[in-house]
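One line per chain: the protein sequences are A and B, in this order.
Add 83 to a position in the first sequence, counting from 1, and you land on the number used in this note's numbering.
Add 83 to a position in the second sequence, counting from 1, and you land on the number used in this note's numbering.
Here a beta-carbon is modelled for each residue, glycine too, at the ideal position from N, C-alpha and C.
Bear in mind the structure is a predicted one, so any value in this text is a computation, not a measurement.
There are 2 protein chains.
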Amino acid sequence: MASSSSSLALSQALLSSPSSGHRPSRRLSLPLFSGLKSSPISSSPASFSRRACFPAAPLTRALPSVRAAAVETLETTDTVLVDKSVNTIRFLAIDAVEKANSGHPGLPMGCAPMGHVLYDEVMRYNPKNPYWFNRDRFVLSAGHGCMLQYALMHLAGYDSVKEEDLKSFRQWGSKTPGHPENFETPGVEVTTGPLGQGIANAIGLALAEKHLAARFNKPDAEIIDHYTYVILGDGCQMEGIANEACSLAGHWGLGKLIAFYDDNHISIDGDTEIAFTESVDTRFEGLGWHVIWVKNGNNGYDEIRAAIKEAKAVKDKPTLIRVTTTIGFGSPNKANSYSVHGSALGAKEVDATRKNLGWPYEPFHVPEDVKKHWTRHTPEGASLEAEWNAKFAEYEKKYKDEAAELKSIINGALPSGWEKALPAYTPEIPADATRNLSQQCLNALAKVLPGLLGGSADLASSNMTLLKMFGNFQKATPEERNVRFGVREHGMGAICNGIALHSPGLIPYCATFFVFTDYMRAAIRISALSEAGVIYVMTHDSIGLGEDGPTHQPIEHLASFRAMPNVLMLRPADGNETAGAYKVAVVNRKRPSILALSRQKLPNLPGTSIEGVEKGGYTISDNSTGNKPDVILIGTGSELEIAAKAAEELRKEGKAVRVVSFVSWELFDEQSTEYKESVLPAAVTARVSIEAGSTFGWEKIVGSKGKAIGIDRFGASAPAGKIYKEFGITAEAVIAAAKQMF
Amino acid sequence: MASSSSSLALSQALLSSPSSGHRPSRRLSLPLFSGLKSSPISSSPASFSRRACFPAAPLTRALPSVRAAAVETLETTDTVLVDKSVNTIRFLAIDAVEKANSGHPGLPMGCAPMGHVLYDEVMRYNPKNPYWFNRDRFVLSAGHGCMLQYALMHLAGYDSVKEEDLKSFRQWGSKTPGHPENFETPGVEVTTGPLGQGIANAIGLALAEKHLAARFNKPDAEIIDHYTYVILGDGCQMEGIANEACSLAGHWGLGKLIAFYDDNHISIDGDTEIAFTESVDTRFEGLGWHVIWVKNGNNGYDEIRAAIKEAKAVKDKPTLIRVTTTIGFGSPNKANSYSVHGSALGAKEVDATRKNLGWPYEPFHVPEDVKKHWTRHTPEGASLEAEWNAKFAEYEKKYKDEAAELKSIINGALPSGWEKALPAYTPEIPADATRNLSQQCLNALAKVLPGLLGGSADLASSNMTLLKMFGNFQKATPEERNVRFGVREHGMGAICNGIALHSPGLIPYCATFFVFTDYMRAAIRISALSEAGVIYVMTHDSIGLGEDGPTHQPIEHLASFRAMPNVLMLRPADGNETAGAYKVAVVNRKRPSILALSRQKLPNLPGTSIEGVEKGGYTISDNSTGNKPDVILIGTGSELEIAAKAAEELRKEGKAVRVVSFVSWELFDEQSTEYKESVLPAAVTARVSIEAGSTFGWEKIVGSKGKAIGIDRFGASAPAGKIYKEFGITAEAVIAAAKQMF
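Quick look at the structure:
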């Protein structure tokens, strides 16, 4: 790799020049846009059934307006090795699934050719440092086909996928779980499996690249410059989240996003004809994408190469390369059927497939020439990174401030003292909605956190999420930080996961009404699972939103997220608690935070603090002594005020009353036993909680002798105050409940 | 309406003939497909600002391939009255929002013309019987604009929306809540507000019509024959659920679905240019819809009429009529801006709008000629229903069995003894997965329940949901009952809501993996809120699914639905409990049931029963006396077996152990105090629960001295048995926990 002098040149030279002594020489002729027919198939064994090998191209879905990919001509010697490499990938997948007796061989067998071209010929990465910043990103949105990616990573030399890892596919503690998991397998960018998430993640990755490139690249130093590749299948295409995200990708003109659509016409229920007959090509043209059709994805390597070259030439639009493949390609009796999708082939069919594809090797064997062919990626990857490091060193000399800022985004270090930017509040400051206080925090943080960016699902003026010092992230202004997601909650969440997982220092936030977390719950769960520290700014967090009524009023949502692993569910009560919630959210880069915020005004209460929030639950006022109050009143968010009012009344009657803010159950759970006892002493069973949401789960806090005041029905359309009264979310109710305990 | 002789003729005659003496006579000339330009605007006041009245048509989104709607010519006298009616609708909306000081005036002001044409000229309904079976269905998918529908229903004579109801818009206890709610307002078909749900509901309504028509219509008796109309906005269009459902509508060829897309170029964040620049027309053509563009939706009545006529002529595709409108039409200073979307205009702007549109009347006033014009809908509606009743009587004579079956679908009466069809199980019957037992129940029920239909989101062979006696519901075979939803969980749920709310006797079920309820949670919540008794068949309900790993393993899902109001969350343990869960699900027509079912085999346990399931929690075995067991072991679903095993061991050691199956918390909660005490006596605090899911909420059942065994982390990819062991979901753990309590 010594001949190449810059990573920019590298990225553009990959298709057109031999880049290494290890690579067989080849003569390239690239009649792009030539409209030639598919090249003759090079190596299909005689015994291969025509049905399995050449499924009728689904012509009903091809549109005249979509140009088939142009064809390149390669020397045969090269193609023979490529064929062998592709079959290696196929059999690694077949063998691993067979050994586990569990998994999905069909996709890897069909997608091995595009996988090979991507990992062997196109993508820039360093297998020995999967975290090298300027690597191309790859996302397998059709995550069930993960053996494709594991096989490719194995060949490419990633330490996370050695032979023993392939052999322990889907086993306890292995690095090769049943779907790609970024937190298990270095080199896997995001966690996929739930369909449609991956393509949206990829759009987040591509957004991050475009944003950072616009902010940090200089005319003489294109320091950020990578592509994002994704493979998605019919299942992803059917999911609404994919359409949401792809509509945004088109809107944003993410030209460096290249998506391969594995068009194999088979899903679990059989032929896609039974449920999926739309024209994907037309839809994507409507979404503003460039669309290319590779008719022969089974071994039309040149078609695939040409399509990628064409996609790279289109700089103002993302590209969808529809690659028609045969699921389970090579299996004489199961190819092109759903039976090869999600089960091991079985010993007999594995044998038949070995015969059919002329594969004489033992399970898990990588032929020497294939192994040798791929070895170059280790030195090449090291060179790529070294060159980039050198380039960055140059950049750092010329652009010191930018380099420092970019470094913090690359390594995730927060600027020292950043938390001092958070506003502080006193009870004298007029009441305000926590959504407004949230906006103050966001805008204060935007000044000190270079990686903060985000936006709302078309509710910026309700969620109060605009960063005033920045403009809108748009196709022509990608350096800006206000992202306009449109009414696409699910896509928004998954895009933010992609942003968060692009670079440790990127801190994406996104917003909608709290009740509409229902639209994006699958993405939030992936945030939690994949350790993506997205900040979810969720306003209008209870019946307190009033007239919009029960469709808009969350009830069960707090409980539902408290039950979800690795999520911080925060419900601040006022200014200090909102600032505390942001402090917690920013610090927790490996788990998402959900901030439930009010539409209605709330007073700044005496006793609230950032430090209190960090402990999850804490006493805001207490007139008892010896850790023995007569009653403990517990509130969260907008109801903490009610608990405080009730306490005042009870104290007037001579009672010793403690008021506890329970802003985050998860954080409280993590405190020491001593601390917990100091807030909620076991001996004090007289406890009343109040929260304008489901009481589900509150028994844990109030105990069987306590009382949880909440709402276990749907809301209603009326002014907020009226609903609070009618539903009994009042100080009177707290007082009455407390009095029954004395 | 005496002159018309059949409802079929009626449906087709509405546009082309004067149908009532109350209607001003008019001469119609219908040069369909003529390509004429918009007719001259009839009554725009001189002071009307050009910007508000004629927003530049967003030409970038118009495609040459989409034909603009053809234009009809009407006599001016007619148009003047129509204008007046349209302005009445606008001002009823303006006035109601103003009085409530809350709501969304913008959409009603822009959509009043299409609303008028629909309710006054096109739709067949009986305002005095909103439940008349063969009525046209209307869905306001852009539910925030509900004052449009309330105003139309008020004019049309629905008793649910009288003047006082308009005046109590968005107030406690009113019939005019902040978004359309079918359970509050007779005449509202479904509950909308959360964007995208309504269009998917409408697709469910249209599916139901197509299905029932195919099953019950005869060559000489078209007894089922109605259209489904829907208005959706930019927000709905952006939501993924809408794309999912619309892809299915195109696939199914729902020719009697006519959707109006209120193309006003404004959403809450401002001009849709900031986030929504795709070509909706092209996308819908890709989805297989017929697309028409009405350029002037503000007063191009003839264009709207012609578009509907054209849409009706296209019988094999659903139609999207893109109607370009001005949000807040008529407001001189706020039209065409987001400020008119979701807030009252304010007194000053209301005055200015009255002047601008030449509206001299008091708030809530309906001019006499407008009122008189609309009065005909009461007798006409009565006639429509009477004619249909007569037709049905004829049908009943000729087709007795079909008529009886259809009647049961119309009135929701279950056939007597239907529950006897449910299979019964004994412990001798080999172990089986509850997903397989579920299939036995579904197939048994399909024989006795004429309204049962449904399917899976591309997992039929995993969810085990195929009805063997039926074929696939498809464009050409709509009489069949296996619905193939593709990988579109969210759309599936919302479509099922539409099916359920079409007719009380339709019992839709739908299926996916339990974890993917996350994709469809917003639709499930609407099932619960709108009292749609959908049956959710959710298989692969725990870590018991094994190798697919944490992306596919539900953890928090049971808790999250137990917290949701009006949902029955059922987790049966074996054959009898699965049958019991189906009994409960079928009986509960006004709340959805979610069945969590295992992938893995489970033994048929002694002591389980349908009757037990109906009580939610019950004792399956007990060797104690006097309601004083030493310990109570509580399990659900696949872990009930574990509890039973632990009990056996403990009993061997001389302990008095009760085993309780806790299949549905909600049903148990509804039992008498005595019954609850008989199962979980307050005095027995030694309680151990075991469930392969979050322990969140279990404190309520086991109490503070009890122990909840569960999983409060994400799952793992490995064989199921291994995960159970590693996570401590074992009989040994139950025994150890119990022993700590003795």
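Bridge partners - residue i, DSSP secondary structure assignment
{"i": "histidine 652/B", "result": "The question names histidine, yet the displayed sequence has methionine at residue 652/B. Ile677/B, per the DSSP bridge assignment."}
{"i": "valine 771/B", "result": "Leu716/B and Lys790/B"}
{"i": "serine 539/A", "result": "Arg567/A and Ala594/A"}
{"i": "valine 222/B", "result": "Val313/B"}
{"i": "alanine 726/B", "result": "Paired residue(s): none; alanine 726/B is not in a bridge."}
C-beta contact flag for residue i and residue j at 8 Å
{"i": "tyrosine 312/B", "j": "leucine 201/B", "result": "yes"}
{"i": "alanine 615/A", "j": "leucine 584/A", "result": "yes"}
{"i": "leucine 337/A", "j": "lysine 293/A", "result": "yes"}
{"i": "leucine 505/A", "j": "alanine 527/A", "result": "yes"}
{"i": "alanine 739/A", "j": "serine 707/A", "result": "yes"}
{"i": "glutamate 563/A", "j": "glycine 576/A", "result": "no"}
{"i": "glycine 581/B", "j": "asparagine 284/B", "result": "yes"}
{"i": "isoleucine 717/A", "j": "serine 772/A", "result": "yes"}
{"i": "alanine 234/B", "j": "isoleucine 172/B", "result": "yes"}
{"i": "leucine 750/A", "j": "valine 670/A", "result": "no"}
Segment limits, alpha helix (DSSP H) that includes residue i
{"i": "methionine 230/A", "result": "229-239"}
{"i": "tryptophan 457/B", "result": "451-458"}
{"i": "leucine 525/B", "result": "517-531"}
{"i": "arginine 567/A", "result": "Taken as a continuous stretch (DSSP letters only), arginine 567/A belongs to no alpha helix (DSSP H), being part of the beta strand (DSSP E) at 565-567."}
{"i": "valine 273/A", "result": "Neither: valine 273/A is in no alpha helix (DSSP H) and is coded neither H nor E."}
{"i": "serine 330/A", "result": "323-335"}
{"i": "tyrosine 312/A", "result": "Run containing tyrosine 312/A: none in the alpha helix (DSSP H); it sits in the beta strand (DSSP E), 311-316."}
{"i": "aspartate 385/A", "result": "384-396"}
CA-to-CA distance, residue j to residue i, given in whole angstroms
{"i": "valine 180/B", "j": "aspartate 434/B", "result": "14 Å"}
{"i": "valine 620/A", "j": "phenylalanine 779/A", "result": "23 Å"}
{"i": "proline 302/B", "j": "tyrosine 478/B", "result": "11 Å"}
{"i": "serine 827/B", "j": "alanine 646/B", "result": "In the structure displayed, chain B extends from 84 to 825; residue 827/B sits before or after that span and is not available."}
{"i": "leucine 231/A", "j": "serine 224/A", "result": "12 Å"}
{"i": "arginine 654/A", "j": "valine 169/B", "result": "45 Å"}
{"i": "glutamate 753/B", "j": "glycine 411/B", "result": "48 Å"}
{"i": "aspartate 219/A", "j": "threonine 162/A", "result": "25 Å"}
{"i": "proline 591/B", "j": "serine 539/A", "result": "35 Å"}
{"i": "aspartate 399/A", "j": "glycine 333/A", "result": "9 Å"}
{"i": "isoleucine 812/A", "j": "glutamate 736/A", "result": "21 Å"}
{"i": "valine 397/B", "j": "glycine 371/B", "result": "12 Å"}
{"i": "tyrosine 444/A", "j": "valine 271/A", "result": "28 Å"}
{"i": "arginine 253/B", "j": "isoleucine 351/B", "result": "20 Å"}
{"i": "arginine 106/A", "j": "alanine 289/B", "result": "Confidence is the limiting factor: at arginine 106/A the pLDDT is only 35, short of 50, which leaves the residue's position unreliable, though a coordinate-based value still follows. Roughly 59 Å separates the two Cα atoms."}
For residue i, the first and last residue of its enclosing beta strand (DSSP E)
{"i": "leucine 428/A", "result": "No beta strand (DSSP E) contains leucine 428/A, which DSSP labels as neither H nor E."}
{"i": "phenylalanine 367/B", "result": "That residue, phenylalanine 367/B, is in no beta strand (DSSP E); its alpha helix (DSSP H) goes 363-369."}
{"i": "tryptophan 376/A", "result": "373-377"}
{"i": "isoleucine 512/B", "result": "It is not in any beta strand (DSSP E) - isoleucine 512/B carries neither H nor E in the DSSP assignment."}
{"i": "methionine 621/A", "result": "618-622"}
Open item on the list: Using 8 Å as the cut-off, can you tell me whether the stretch 492-507 of chain B makes contact with the stretch 621-634 of chain B, which would need three or more C-beta pairs spanning the two stretches below that distance?
Closed with: Between the stretch 492-507 of chain B and the stretch 621-634 of chain B, the count of Cβ pairs shorter than 8 Å is below three; the stretches do not touch.
Open item on the list: Taking 8 Å as the cut-off, does the stretch 674-694 of chain A touch the stretch 641-660 of chain A (at least 3 CB pairs, one atom from each stretch)?
Closed with: Yes, the stretch 641-660 of chain A is in contact with the stretch 674-694 of chain A.
- [ ] State whether the stretch 314-322 of chain B contacts the stretch 341-354 of chain B, with contact taken as three or more CB pairs (one from each stretch) at a distance under 8 Å.
- [x] For the pair of segments examined, the stretch 314-322 of chain B was found to touch the stretch 341-354 of chain B: the number of CB pairs separated by less than 8 Å reaches three.
- [ ] Flag this pair as touching only if the stretch 179-197 of chain B and the stretch 459-473 of chain B have three or more C-beta atom pairs under 8 Å; answer yes or no.
- [x] Taking 8 Å as the limit for Cβ pairs, the verdict is that the stretch 459-473 of chain B does not touch the stretch 179-197 of chain B.
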